[in-house]
Each structure stands twice: as C-alpha cells, then as structure tokens.
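Colleague:
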C-alpha cells in the first residue's frame, strides 16, 4: 500500500504526467483522507529512512495529523505515533547523533503540528511527560539548551500549542473551549515552571549568538504570558534578559534577523501589560516594569530618533506604538473604573500625564500606519477628558492635555511635505489619507465636546495665522498649510451650524458660529478663490456652498465669489472642473434670490460649456463600466447637466425681469432645438450617436426647466413657488413641442423615452394646462409595446403627478386612456419573471398600480373607474386588488390593496350610518351607497379579504410588515361598519366569524370591539387578536 501511495502522490503532483492518470491519482489520494487506517502507512512514509521527497512526506504527515485531530486514532495508535515520532526526533534532532541533512522548515512545522495534536489528544492522560520529552531534545553533552535543532523544534511546538489552546482570536465551540481551558489548567499545575525556566535558559544561552532562536523564544513568552502566572515573566532574572534584548534597538545598524528579535521582545512587554488583572495590580505592573523609561529609551534610539531619516524603522515605530497604545488604554480603564479619591486613581493619572508625550509622538508620526496604531488610545484619552471636564472636578492638568492633542491632530491632518496632490494620478494614497482625516475629525469632535471654547479658539488661531501669512507671502505660502486651514473651516461647521444655520434672528446662533463668520470674512477678503492650486480651489468652493447663508448677510461678496466659481468651471483639470459645475449649481440655487442681477453674466460665462457633445462609449468604457452603468463619458455629461440646471436657476430668479427670463433661456435652448432637428433623421435611420445626441439634448432641456421653476400646479402653502410668467410658459412650451416631436419619431428607443419622461415631469409645472392637448401624444410615446415593467411603474408615477396638477381638467383624458393603460399594467404584472431584478421591478409595478388607483380616488376622480367606458374592466380591477390583498409574499402590496379597498368604501359607500364614536347616525339609519348595491358588495367581496392573510399557512404574524397589513385589514372592517352598520355585524356573526369556528361569546366580544372601538384602537387590537390565535 505504501508503494501505491508514493506512486499516486508522485503522479498527482507531477506537472508532466498524463491528465487521465493525474485525475485517477488525485481521486486515490483524496480517498486516503477518508480512509480510517490510511494514517499507518502514511506515518511510515513520513519517518522512513532514507527520506522520501518532501511532497510525499508532507502529504503523508498531513493524513496522520488529520486522523489524530478527527479522533479516529485510538489510544494504542496515539502511543505508536508518539513513540515513532520521538524516536525519529531523538535520532535526527539531537547532537551529536544528528544524521543526514536537516529537515526543511515546512517539514519541521508539520512535525510540530503532529506533536500539538498528540498533546491535545492525550496530554491529560497518556502523555504526561510531553514537555519533559520535548525538553530532552534541547540539551547536549556540550551544554544545557545548547542543541540548535532541538531548541528550534521545542520553541515551534510551544508556539503551536498556544495557537491551539490559548489564541483568543480563534473561534471555538463550547466543548473545544472547555477542553482548551482544561489543558491550560493542567499545564499550569504540572509543567509551567519548568517551561518558564527553559525560556530563561534558552535566552541566556542564545540571546546574542542566534537571533532566530531568540525571536522564537520571545514570541512564545509573549503568547504564553496571557494565560500563565505573570510572575514567570515579571521577575528580576527574566526582566534582565528582556532588557538585554531591547538593547538591540540602540544599534545604528542591525544585522539580518536582529530586528525581529528586538520587536518580539517589545511585544512581550505589550502582552504582559495587556494581561487581565485588577486595577491596582495593573498600575503596579506598569510601574514595576518601568515602561515609561523603556518607551523613552526606545523613542530615543537611533532607528526612531528622526522620522525623516533614511534609516527610520517604521516596523519598530509600529511595535513601540502598539505598546504605548496598550498601556494608555489600560490606564484610561483604571481611571474610568476606580474612585478618584483612591491612591490607584492618582497613580494612574500621573502615568497618563507621563505617557501623553509618547502618545502624541506616535500620533504625530509622519507614517499614517504608525499614527493609526495609537488611534484607539487617543480616542479613549479624549473620551475620558470629555467626561471629566464636566463640572468643577476637571483639573488644570487634564484641561492642559487637550491643546497639545488638538495641535497634534492639526499636524496629522496636514498633507505631508513629501506628498503631492494630483487629481489625475492613482488615488489610493489620497483615499487612505482622506479616511485618516475622517478618523481624526472624529477625535476633534470629542475635543470640542470636552472644551468647546478651547476648540474654537485653536481653530480660529490656526486659520487667522495662516490667512495672515497668505497676505504677507502671497502665493509662496505652502498650499498644504492653506488646505489645512480651509479644512478646519469646513469642519468647525459641524459645531457652528448644529442648530440649522449660522444665524438665528439675524444674529450668530452660537460662539462657534460667530467665530466661523469671522473666518469666512477673512477667507473671502483674502481672495483664496484665485489661489492656483486644485486642492485649495476645491476646498474653497465646498466651504462657500456649505456656508451659503453667510452670503445672504454679506451680499457684497456674492459677486466676487460667483466670479471665482465661473472661472473654476473652466478649469483645466476635469476633476476640478466637474466638481465646480456641481457646486456652481448648488451655490446659485441656494442664493437664487440674490444672483438675479448676474444672470446675463452667468449665461455668457457658461455659454461655451453648454454645448452638448454626445460620445459613444469606447470598448474600454464598456469593459470598465461602473456598477451604475455610467461610462466616463456619461459621468462627464451628468456633471454638465448641473450647469444647465444652474443657468435655469439663475434665469428663473424672481429678481430677473420676466421678459429677460424668457430671452435668456431661449438663447440657451435655441441651439439645442436646431441640433435635435439636425440629428432626428439620422437617429431614425439607426445612427447610435445621433440617437444619443438627441437623448442628451432632451435631458439638458429638461434640466434647464428643473432649475428654472419649482412651481407645481395645485400646490398650496408657504413654500409654494410662484407661477411662471406667460413668456416663460411660451418659451418652455417649445421645449415640450421639440421633445414630443423627437419622442414621436424615436419612441422605440429606450433612451429617448427615458429622456422624454424626465423632461415631461419637469415641464408640467412650467407649461401648465398648455400641455393638456398634447397628453394623448405623450402617452403614446412614453408607453409602447416594448416598455419594461420599470418604465410602466415610472409612467404611472408620472400620471400621478399629472392628476395632481390638472385634477380639474384631467377627467376626460383619464377616462379615454384608463382601460388600455390598465390592460398594459395587467400584462406587465402577469408576465413571467426571471431573476431578482425582474422580481424587484414586478413588486414596484404592483405598488405603483395600487398607488395610481389611490391617487385617482384621492383626487375625487373615482367616477373614471365606473364610467361607461371603463365599466367592462371594473371587475378585473377588483379581482386584481383582491389577489394582491391575499399575497402573503408581498405584505407592502397587500397593505396598499387593503387601504385601496377602504378608500373605495369611502368613495362609493355613501354617507356614514355609524358615527366615529360608534353611535347610529339618525339622518341615515340605513346604507345609501353611491353605487347601487355597493353596500352588499363591500360586505360580501371586501370583508372576507380581511381574513385572507392570517388564514394562509405561510403567514407569520410576528413579521412587522405583516402586522401593518393586518392593521389595514382592521381599518377596512371598521370602514365597512361605518357605511353599513348593523347589516355588517349580522353578516359577520352569521357567516365569517361562525365559519371560522368562533363560539357565541367570542363572536359577541369581537363584534362589540368592532362597534365600540375607535379606528386607531381597533387597528392596534386586530393584529394582536390574530397573533394570539383569536384569544381576546
């Protein structure tokens, strides 16, 4: 069998072997993993002399290890594996008996894994001498722990055993964790003293002569200290050895491997201080280890003395930073848990003050990975200072800690002198820096909460000093300093505009707002908008937009700022330019009432950017298209649309004379009308570029309309916009006409339908009733045979808008299109689905269909549903609503369907025969429905639907959406009762409730609640009634 195994492994891992043979070999070796007895020949192969090739030995030993770990090897087998493996180790890993070449590192690790699994399997009972046997490998006649091969193997096993039973990051089952805990208890009781002694002996013998052994030993100590008694590490003998290892850091040049041993020694201190212990003991350990002095010496060592030196050791900096982070986090925990009057708390406060310079040193490190290492500690310190700064208990010492921390944050927020800002380069480093800035901003916010006055003053001083330098140095000021000042102006807004704006009753709403207003004045007076650096220009625009209400009080600065924005809209950098387009739109919209006087200047300045040039996506664009489907060209056009909205917004400002409004927008739109006409014939013949050009022109025209006016016909209230002038209506009527011409000619194009639908929704409010005559043409163009479910849903939503805008004039049009439209919707709902996207679109279409009917009823157009034209389809509509009301897979649609049925009852059920309080109405004691027989229809068709969902076996009454649907079912019952009164109660008693198995007492109780409860209370009662299985 051994020969077969060797042959199979050789074939399986031979690149030149026949593929059929390789498959057979892989099948065979994979079957070996499932064979309970395969470990025996594999053990022989892994230990056989002369040795097999490494691939055979490693594979064979893997089979053995898997068998031991899986528990398929009995006690006799475990003993056999142990004896044979120890015999091999004694023969080849002890001096002077070593024979042949040493095993490879991979093979040593595999043997160590086997020992670890044997330890786990029967150290408790069967191999009590495990560590004695391993320690025997480390000694020679020439010296104690002097056998290199044996010491290396022993230390690798110690590290492996910790990983198996002591690693807290490893996920284990409850049984596995209990077994691990039991093994740790046994080690602590039996062998930990001799193991700890061996660490000292190994470090004493090898501490400078072999860096690899020193590293392995220190790693083992660092791991084991978390679960053995701390005295095995924190004692004079061991500390002397550890401090000797730390002396490696004082070397200007380290040999290969020495740095790893040095870092491992520091990690021992980190793991030691991180060990769980009472607060007083924690403080005592930190003091006994003299960690502040340890860190001070490490910070001053040659590899860390200068972060800008060529020999600066970033790995060492991270390792020491980790130690500082751990110490400070634990100190803060002590301060949080101990009473301030205790001696432990006082010592911890002194330690915090001592470690703060070290924390700031690594926090301010120019390498972000070092800074990130201490962010947790910095956040904990700031949170502690925030908590203790409340009231009189805050000491001057703790308050004094905040300013140096804040200044350190400023330092880290600044772009490094070695970094540059290039918007066209790879943005990985920039993204990482901006992510770090976000984390630093969160720390700043904690400082603001701890001492708002200090925070405001520090930022104000930074900004003022920087802008003063700009006046004296002009463009020689480093852009990084100016960027930092602007970034801080942007951030302080989180505090200054917390109440919703800079001003309240024409005064600054807070001290922070007052300082920010001063900083804004300094900024705009410094003419930063003309500073020639992209990062500064972007920050400047973002700030102006964020604090636009500053300009509402300081209108003199609007013109120069707007001129800056218009200049930056022509920037050579695409990133700056496209962002400027968006921010220009934001600024003009927010200051709309103040920029009307600049309308002509804005239009003239942006005229050259308002030319639409469609570009088909290249092959690379198609391959690299983003998840939202936008190619690079699409994203540029999307940004350009903001400019069209900006000019529409400035032209539509109330401060622009009405005749000028129409004149300006016509001047912008006329070239686009001509361009659409030019490309229409080409697009009709199938030219993709021409089709895309028409799409872009329509989108641009619709966007101008969106910017020009927010007016919605029928809207009332304080925020309702003024109706556009007749000149403006006439100008945008041309947009509607041009769009409709293109839509009629190209309605088979999805792109054109999408653009036309967008433009139509924006034109309704401006053109108004002038579009009524065109509505049939719009419908024919927007809803075609090829329209998807998604288009249908969007079209229904558009019709909702039309109904709301023209509800007094829409009845005839709606009556004409209603039946054909509903039939199209039914076809879309009944069409088969394939995939998640289809199911999402189907659910959206169902809800838009139900909402469309609700909008019709809500705008008192219910007569359309029952008109002579649409009567034939009425029963199908009711059937579709009934089907959706029963849909246990789509509770939102079921809820809407039940709500729609209630609305139908309200519309056609006639006057209430029961008042809101549950009393019979004297004027109408019997039902008088608006539609003949509708009272019976409500009771016999609608009422049973209230029980359809809960009677479905798949119904889950604990689902939140299910409870909402049940509440609407309760509302439907209550509505039917208010329209029919006792007639409905009699029906429920004799039919529905009786058929559900309720007895007389339950029926009477239920009917009483239905009759007497208010609507809100009954809606709350019914879901609980269902959830409790009908128990009241």
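In UniProt numbering, the protein residues as written are 1 to 1032. The C-beta atom is built at its ideal place from N, Cα and C for all residues, glycine as well. Nothing here was measured: the structure is a model prediction, and the numbers come from that model.
(1) Is residue 374 near residue 359, with beta carbons less than 8 Å apart?
(2) Could you give the C-beta distance for residue 115 and residue 59, rounded to a whole number, given that I count them as a contact under 8 Å?
(3) Using beta-carbon positions only, say whether residue 418 and residue 364 come within less than 8 Å of one another.
(4) Just mark residue 520 as buried or exposed, buried being the case when its beta carbon has 16 or more other beta carbons within 10 Å.
(5) For the stretch 228-281, which segments carrying the alpha helix (DSSP H) assignment without a break, of at least 4 residues, lie completely within its bounds, in sequence order?
(6) Smallest Cα separation from residue 745: which of 792, 676, 335, 1022?
(7) Skipping 5 residues on each side, what residues in its chain have a beta carbon closer than 7 Å to that of residue 749?
(8) Drop a sphere of 10 angstroms on the beta-carbon of residue 679, count the other beta-carbons inside from all chains shown, and report buried for 16 or more, exposed for fewer.
(9) List the whole-angstrom C-beta distance separating residue 245 from residue 207, where the pair is believed to meet the contact cut-off of C-beta under 8 Å.
(10) On a CA-only basis, which of 513, 148, 76 is nearest residue 121? Give me that one, please.
(11) Which term fits residue 234, buried or exposed, when burial requires 16 or more other beta carbons within 10 angstroms of its beta carbon?
(12) Under 8 Å between the Cβ atoms of residue 759 and residue 696?
(13) What does the alpha-carbon distance come out to for the pair residue 937 and residue 898?
(14) Suppose contacts are defined by Cβ-Cβ distances below 8 Å. Is residue 482 in contact with residue 414 by that definition?
(15) Please report whether the beta-carbon of residue 765 lies at a distance below 8 Å from any beta-carbon of chain C.
(16) Compute the Euclidean distance between the alpha carbons of residue 761 and residue 463, then round it to the nearest angstrom.
(17) Pick helix, strand or coil for residue 508, following the three-state DSSP scheme.
(18) At the level of alpha carbons, what is the spacing between residue 922 and residue 979?
(19) Would you tell me roughly how many angstroms separate the C-alpha atoms of residue 642 and residue 704, rounded to the nearest one?
(20) Starting from residue 581 and walking both ways along the alpha helix (DSSP H), at which residues does that stretch end?
(21) Looking at residue 596 and residue 653, is the spacing between their C-beta atoms short of 8 Å?
(22) Taking its Cβ as the centre, do 16 or more other Cβ atoms sit within 10 Å of residue 950, making it buried, or is it exposed?
(23) Since I believe residue 767 is in contact with residue 732 (beta carbons under 8 Å), could you give me their beta-carbon distance rounded to a whole number of angstroms?
(24) By Cβ distance below 6 Å, which residues in the same chain neighbour residue 338 in space, the five residues on each side in sequence not counted?
(25) Please say whether residue 814 and residue 864 have beta carbons closer to each other than 8 Å?
(26) Taking 6 Å as the limit between beta carbons, can you name the residues of its chain near residue 707, skipping five residues before and five after?
(27) Does the stretch 513-528 come close enough to the stretch 569-584 to have 3 or more Cβ pairs within less than 8 Å?
(28) Regarding residue 603 and the ligand MN, is the C-beta to nearest heavy atom distance less than 7 Å?
(29) Excluding the five sequence neighbours on either side, which residues of its own chain have a C-beta within less than 7 Å of the C-beta of residue 628, listed in chain order?
(30) Per DSSP, which one or two residues make a beta bridge with residue 540?
(31) Once DSSP output is grouped into helix, strand and coil, what is the label at residue 503?
(32) Got a sec? Which residues, its chain only, sit under 8 Å from residue 659 by beta carbon, not counting five neighbours each side?
(33) Compute the Euclidean distance between the alpha carbons of residue 393 and residue 386, then round it to the nearest angstrom.
(34) Any idea what DSSP makes of residue 557, helix, strand or coil?
(35) So, for residue 46: in the same chain, excluding its five sequence neighbours on each side, which residues have a beta-carbon less than 7 Å away from its beta-carbon?
(36) Cα-Cα, which of 562, 700, 548, 409 is closest to residue 611?
Modeller: A quick look at the data gives this:
(1) Against the chain shown, residue 374 aligns to sequence position 374. Against the chain shown, residue 359 aligns to sequence position 359. In this structure, residue 359 lies closer than 8 Å to residue 374 by Cβ.
(2) As a working note, residue 115 is residue 115 in the chain shown. As a working note, residue 59 is residue 59 in the chain shown. Beta-carbon to beta-carbon, residue 115 and residue 59 are separated by about 18 Å, too far to satisfy the 8 Å threshold.
(3) Position 418 of the chain shown, counted from the first residue, corresponds to residue 418. Position 364 of the chain shown, counted from the first residue, corresponds to residue 364. The criterion of a C-beta distance shorter than 8 Å is not satisfied by residue 418 and residue 364.
(4) Reading the chain shown from its first residue, position 520 is the one you call residue 520. Answer is buried; the Cβ neighbour count reaches 16.
(5) 236-246, 258-274, all fully within the stretch 228-281.
(6) As a position in the chain shown, residue 745 is number 745, starting the count at 1. When only C-alpha atoms are compared, the closest one is 676.
(7) For the purposes of this step, residue 749 is taken as the residue at position 749 of the chain shown. Within the same chain, and ignoring the five residues on either side of residue 749 in sequence, the residues whose Cβ sits closer than 7 Å to its Cβ are 691.
(8) The sequence position of residue 679 within the chain shown is 679, counting from 1. Buried, since its Cβ has 16 or more Cβ neighbours within 10 Å.
(9) Within the chain shown, the letter at position 245 stands for residue 245. Within the chain shown, the letter at position 207 stands for residue 207. Going by Cβ atoms, the distance from residue 245 to residue 207 rounds to 7 Å, so yes, they are a contact pair.
(10) Along the chain shown, one-based indexing puts residue 121 at 121. Residue 121 has its Cα closest to that of 76, out of 513, 148, 76.
(11) Translated into the one-based positions of the chain shown, residue 234 becomes position 234. With 16 or more other Cβ atoms inside 10 Å of its own Cβ, residue 234 counts as buried.
(12) Counted from its first residue, the chain shown places residue 759 at position 759. Counted from its first residue, the chain shown places residue 696 at position 696. A distance of 8 Å or more separates the beta carbons of residue 759 and residue 696.
(13) Working through the chain shown from its first residue, we reach residue 937 at position 937. Working through the chain shown from its first residue, we reach residue 898 at position 898. Looking at the two C-alpha atoms, the distance is approximately 15 Å.
(14) Indexing the chain shown from 1 puts residue 482 at position 482. Indexing the chain shown from 1 puts residue 414 at position 414. Contact check for residue 482 against residue 414 fails: the beta carbons are separated by 8 Å or more.
(15) Looking for chain C here will not work: only one protein chain is present.
(16) In the chain shown, the residue the question calls residue 761 occupies position 761. In the chain shown, the residue the question calls residue 463 occupies position 463. So the two alpha carbons sit approximately 46 Å from each other.
(17) As a position in the chain shown, residue 508 is number 508, starting the count at 1. DSSP places residue 508 in strand when its eight states are reduced to three.
(18) For the purposes of this step, residue 922 is taken as the residue at position 922 of the chain shown. For the purposes of this step, residue 979 is taken as the residue at position 979 of the chain shown. Below a pLDDT of 50, predicted positions are generally treated as unreliable, and residue 922, at 49, falls in that range; the measurement from the model is reported next regardless. Each residue's alpha carbon lies about 13 Å from the other.
(19) For this step, residue 642 is matched to residue 642 along the chain shown. For this step, residue 704 is matched to residue 704 along the chain shown. Looking at the two C-alpha atoms, the distance is approximately 9 Å.
(20) To locate residue 581, count along the chain shown from 1; it is residue 581. Where residue 581 is concerned, the enclosing alpha helix (DSSP H) stretches over 574-590.
(21) For the purposes of this step, residue 653 is taken as residue 653 along the chain shown, with counting starting at 1. For the purposes of this step, residue 596 is taken as residue 596 along the chain shown, with counting starting at 1. Yes, Cβ-Cβ distance for residue 653 and residue 596 is below 8 Å.
(22) Locating residue 950 in the chain shown gives position 950, counting from the first residue. Here residue 950 is buried, its C-beta having at least 16 other C-beta atoms within 10 Å.
(23) As a working mapping, residue 732 is identified with position 732 in the chain shown. As a working mapping, residue 767 is identified with position 767 in the chain shown. Taking 8 Å as the upper bound for CB-CB distance, residue 732 and residue 767 are in contact here, some 5 Å apart.
(24) One-based indexing of the chain shown puts residue 338 at position 338. The beta carbon of residue 338 sits closer than 6 Å to those of 279, 344, 345, all from its chain and outside the five residues before and after it, given in chain order.
(25) Reading the chain shown from its first residue, position 864 is the one you call residue 864. Reading the chain shown from its first residue, position 814 is the one you call residue 814. Cβ distance < 8 Å, so residue 864 and residue 814 count as in contact.
(26) Working through the chain shown from its first residue, we reach residue 707 at position 707. Within the same chain, residue 707 has close Cβ partners 645, 648, 649.
(27) By the criterion of at least three beta-carbon pairs nearer than 8 Å, the stretch 513-528 is not in contact with the stretch 569-584.
(28) Inclusion of the ligand MN in the displayed structure is not the case, the ligand content being empty and no account of it being possible.
(29) On the chain shown, position 628 is the one that residue 628 refers to. Bear in mind that the predicted position of residue 628 carries a pLDDT of just 42, short of 50, making it unreliable; the figure below should be weighed with that in mind. Cβ within range, chain order: n/a, list empty.
(30) On the chain shown, residue 540 is found 540 positions in, with the first residue counted as 1. Note: residue 540 is not bridge-paired with any residue in the DSSP secondary-structure output.
(31) Position 503 of the chain shown holds residue 503. Reduced to three states, the DSSP call for residue 503 is strand.
(32) Counting from 1 along the chain shown, the entry for residue 659 is found at position 659. Answer for residue 659: 727, listed in chain order.
(33) Working through the chain shown from its first residue, we reach residue 393 at position 393. Working through the chain shown from its first residue, we reach residue 386 at position 386. Because residue 393 carries a pLDDT of 46, less than 50, the predicted location of this residue cannot be relied on, and the following value inherits that uncertainty. Between the alpha carbons of residue 393 and residue 386 lies a gap of roughly 12 Å.
(34) Translated into positions along the chain shown, residue 557 becomes position 557. In the three-state DSSP reduction, residue 557 falls in the helix class (H, G or I).
(35) Locating residue 46 in the chain shown gives position 46, counting from the first residue. Cβ within range, chain order: 57, 60, 61, 64.
(36) Within the chain shown, numbered from 1, the residue matching residue 611 stands at position 611. Ranked by Cα distance from residue 611, the options 562, 700, 548, 409 are led by 700.
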